[in-house]
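Colleague:
In our numbering, the protein residues as written are 204 to 306.
1) Just the Cα atoms here: how many angstroms apart are residue 267 and residue 260?
2) Out of curiosity, what's the CA-to-CA distance linking residue 248 and residue 242?
3) Just to check my reading of the structure: residue 233 and residue 246 have Cβ atoms closer than 8 Å, yes? What is that Cβ distance to the nearest angstrom?
4) For the beta strand (DSSP E) that contains residue 273, what are its first and last residues?
5) Quick check: what's the CA-CA separation for residue 237 versus residue 302?
6) Looking at the unbroken alpha helix (DSSP H) that takes in residue 300, where does it start and where does it end?
7) Going straight from the alpha carbon of residue 274 to that of residue 298, what length do you get?
8) Where DSSP assigns a beta bridge to residue 246, which residues make up the other side?
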């Protein structure tokens, strides 16, 4: 009889641990879907326009060192079928000029 009681206690303890893991896993906030291709508006899944930084590689201050710098923005139109077409590219200078003019 003692064996059955010990076995029952072990089974109940394991069941409790397993169900606690499921409950704790359900308490986590779900991660919303998003694009991971570098777009700035990656969480907007239905965006008709997608925005990316443009980059350039420049020499660093140390020999053999290279840094990637942001040079501007690209805007792409995305069709309902997911086909992209570049509609605008702006350099940092063009953006700064527009900001200075108050646009």
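Think of the CB as a built atom: it goes at the ideal place given N, C-alpha and C, for glycine as much as any other residue.
Computed from a predicted structure; not experimentally measured.
Modeller: This is what the structure gives:
1) Rounded to the nearest angstrom, the two C-alpha atoms are 12 Å apart.
2) 11 Å
3) Actually they are not in contact, since the Cβ atoms of residue 233 and residue 246 sit about 13 Å apart, beyond 8 Å.
4) 269 to 281
5) 30 Å
6) 295 to 304
7) 10 Å
8) Paired residues: none, contrary to the question.
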